[in-house]
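Notes follow the structure.
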Amino acid sequence: MSAMSLDELREQIGQCEQCWLCKSRTRLVFGSGNENASLMFVGEAPGRAEDAQGLPFVGPAGKLLDTLLGGIGLRRADVYITNVVKCRPPGNRDPNPEEIDACNLFLKSQISIIKPKIVCALGRIAASVLLGRNVQMTKMHGQKFPVPGFFVVPVYHPAAALRNPATVSVIEEDLSLLRRYLDDDEEPPPGEFTPEPEQMGLF
Ligand code: URA
437 MSAMSLDELR EQIGQCEQCW LCKSRTRLVF GSGNENASLM FVGEAPGRAE
487 DAQGLPFVGP AGKLLDTLLG GIGLRRADVY ITNVVKCRPP GNRDPNPEEI
537 DACNLFLKSQ ISIIKPKIVC ALGRIAASVL LGRNVQMTKM HGQKFPVPGF
587 FVVPVYHPAA ALRNPATVSV IEEDLSLLRR YLDDDEEPPP GEFTPEPEQM
637 GLF
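Residue numbers (the working numbering): 437 to 639.
This is how it looks when you write it as structure tokens:
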């Protein structure tokens, strides 16, 4: 799997019909950014703007994410950005466990191709999928959790900060911690990211 490139993976996925989100999507949103990034962001699912353009985080939450990235001296071209599910759920509802399971192999493959040091989980759903357990963001945001192959750092979703501007400074603090984790010498534990689909029935 890891001998494959992101372009080859994207080609393999094609016009995926593994779950019924294929019926309502405009475009599948695979992900974008630097294939060699040491930092990867994983959001929840494409929204309206992402569905229209086929690119992740290009709507209002994405604009805020760009600003927040700038605050730790990074640009989009430095990182890789994707979502737990690649197709927009109708009305922006949360993706359900079947949809998350159907897309999980794609996320897992993206991570094993990119081999980031840190995967920043944007919001509860991404954090729960990446850690294989139900995450409480109030208790876990900004901390570094080792899993085989990388560290997961849960951070509040930028959309939460659009709803509640007080959350912006919490995300800023968490991202400056993340920047330190990125720059320190601690290596993630060895191994590959191998979540089991059964872990995903969490929500
Ligand atoms: N919210 C997400 O979780 N992902 C996007 O790509 C856009 C908004």
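Don't be surprised by glycine CBs; every beta carbon is placed ideally from N, CA and C.
| query | Is phenylalanine 477 near the ligand URA, with its Cβ less than 7 Å from a heavy atom? | reply | Shortest gap from the CB of phenylalanine 477 to any heavy atom of the ligand URA: 7 Å or more.
For proline 582, write down the residues that DSSP places opposite it in a beta bridge. Note: proline 582 sits in a beta bridge opposite Phe587.
- Nearest-angstrom Cα separation, counted from proline 526 out to arginine 463: Going by the C-alpha atoms only, they are around 13 Å apart.
Inset, instruction - Quick one: residues in its chain with C-beta nearer than 8 Å to the C-beta of isoleucine 508, no 5 flanking neighbours on either side, listed in chain order? - result: The answer, listed in chain order, is Leu611, Ser612, Leu614 and Arg615.
Exercise. Under a three-way DSSP split, which group does leucine 510 fall into?
Worked result: Assigned with DSSP and collapsed to three states, leucine 510 falls in coil, not helix or strand.
### Span of the alpha helix (DSSP H), counted from its first residue to its last, around cysteine 458
Note, cysteine 458: alpha helix (DSSP H), 457-460.
Item to check | Straight-line gap, leucine 567 to phenylalanine 587 (C-alpha atoms, nearest Å) | outcome: Linking leucine 567 to phenylalanine 587 through their CA atoms gives a straight-line distance of about 10 Å.
**Message:** Can you tell me whether glutamate 623 is helix, strand or coil according to DSSP?
**Reply:** In the structure shown, glutamate 623 sits in coil (DSSP, three-state: anything other than H, G, I, E or B).
What residues come near the ligand URA, if near means a beta carbon less than 7 Å from any of its heavy atoms? In chain order, the hits are Val465, Gly479, Glu480, Ala481, Pro482, Gly483, Glu486, Pro492, Phe493, Gly495, Ala497, Gly498, Asn519, Leu558, Gly559, His593 and Ala595.
query: Can you list, in chain order, the residues of its chain whose CB lies under 6 Å from that of leucine 442, leaving out five sequence neighbours each side?
result: Glu471 and Ile549, listed in sequence order.
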